[in-house]
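Numbering (my numbering), first residue to last: 17 to 308.
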């Protein structure tokens with residue numbers, strides 16, 4: 017069965033078709049002398065479905081229907097394969113990354129049974145770029161966002177995908193849209209995505225004190241995790257934004273930082289602060305129980 021699906025990403029999956037490929041024994045006639053209920057459940061079918069998307073990736077999920085009627089999530093246990101790696105690759109966790117336009121089949125195989133998803137991908141051109149405004153108050157760092165307006169009229173957040181540049185790194189540097197203020201002054205910040213550039217002219221000033229900033233991502237999907245609680249043990253707290261970025265005021269010296277969110281293992285990091293600092297943090301999802 018094939019269903020039409022429109023996705024407002026820079027790479028647009030315009031057609032999704034699912035198929036299930038059974039093992040050699042699937043569909044064979046039963047043996048009258050065999051037990052009617054097997055002692056161990058076997059895989060009857062594997063189904064591949066689409067999930068969360070970014071401007072150039074899509075998360076797929078694989079589920080196995082067992083001979084006892086139960087359904088299992090086998091996304092991380094399946095062997096994934098792309099029919100055209102020049103167009104799209106697929107990770108062991110089912111994350112498909114697109115590189116161009118065309119047709120591709122993505123297959124998940126679990127216990128010799130395969131499920132197939134057919135994708136038709138179209139590349140929608142970028143016609144303009146917009147960068148968000150900077151805060152008016154002094155700050156050692158702050159997060160900018162980049163939005164791409166596409167030819168189909170949609171707008172896409174490309175903050176993590178764009179290439180960022182500062183016109184004067186002695187005034188401010190920028191990585192992934194996160195601006196770090198080096199000295200007081202004025203600077204142009206530019207973001208380029210698929211050959212289209214947007215820029216903003218900002219005046220920056222440093223306050224007193226230090227700031228700890230960074231990003232939190234998922235160890236399995238590598239995607240940003242919003243809503244993570246960033247807690248200084250014995251101090252203040254903050255939360256990551258929609259891009260997984262955080263910023264929190266810290267004092268000089270040794271601090272213990274705790275990162276926590278429902279569904280993930282809590283992580284503690286010991287950091288020595290002697291100035292503004294950045295961290296790249298990954299959280300591991302909690303294992304799902306067999307009934308989930």
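Ideal placement from N, C-alpha and C gives every residue a C-beta, glycine not left out.
CB of residue 221 within 8 Å of CB of residue 202, strictly: Translated into the one-based positions of the chain shown, residue 221 becomes position 205. Translated into the one-based positions of the chain shown, residue 202 becomes position 186. No; because the gap between Cβ atoms is not below 8 Å, this pair is not in contact.
Is there a Cβ of chain D sitting closer than 8 Å to that of residue 138, yes or no? No chain D appears in the structure shown, which is made up of a single protein chain.
For residue 99 versus residue 120, is the C-beta spacing smaller than 8 Å? As a position in the chain shown, residue 99 is number 83, starting the count at 1. As a position in the chain shown, residue 120 is number 104, starting the count at 1. Cβ distance < 8 Å, so residue 99 and residue 120 count as in contact.
Taking the C-alpha atoms as reference points, what is the distance between residue 122 and residue 60? The residue labelled residue 122 in the question sits at position 106 within the chain shown. The residue labelled residue 60 in the question sits at position 44 within the chain shown. One C-alpha to the other measures close to 19 Å.
Please name the residue, chosen from 198, 133, 184, 199, that lies closest to residue 205 on a Cα-to-Cα basis. Mapped onto the chain shown, residue 205 falls at position 189. The shortest C-alpha separation from residue 205 is found at 184.
Considering only the alpha carbon of each residue, which of 164, 287, 112, 70 lies closest to residue 101? Here residue 101 is taken as the residue at index 85 of the chain shown, counted from 1. Ranking the options by Cα distance to residue 101, first place goes to 112.
When DSSP builds the beta bridges, which residues end up paired with residue 281? The sequence position of residue 281 within the chain shown is 265, counting from 1. BP columns for residue 281 are empty, so no partner.
Could you please give me the residues that DSSP links to residue 201 through a beta bridge? Along the chain shown, read from residue 1 onward, the residue named residue 201 stands at position 185. For residue 201, which the question treats as bridged, DSSP gives the partners 220.
Taking only runs of the alpha helix (DSSP H) that begin and end inside the region 249-273, which ones reach a length of at least 4 residues, in chain order? none
With a threshold of 16 other CB atoms inside 10 Å of the CB of residue 196, please say whether the residue is buried or exposed. The count along the chain shown starts at 1 and reaches residue 196 at position 180. It counts as buried.
Span separating the alpha-carbon of residue 162 from that of residue 207: Here the question's residue 162 lines up with position 146 in the chain shown. Here the question's residue 207 lines up with position 191 in the chain shown. If you take the alpha carbons of residue 162 and residue 207, they lie about 7 Å apart.
Check whether residue 266 and residue 227 have beta carbons under 8 Å apart: Stepping through the chain shown from its first residue, residue 266 is reached at position 250. Stepping through the chain shown from its first residue, residue 227 is reached at position 211. Their beta carbons are under 8 Å apart, which means residue 266 touches residue 227 by this criterion.
List the DSSP bridge partners of residue 172. Position 156 of the chain shown, counted from the start, is the residue given in the question as residue 172. According to DSSP, which records beta bridges pairwise, residue 172 is partnered with 164.
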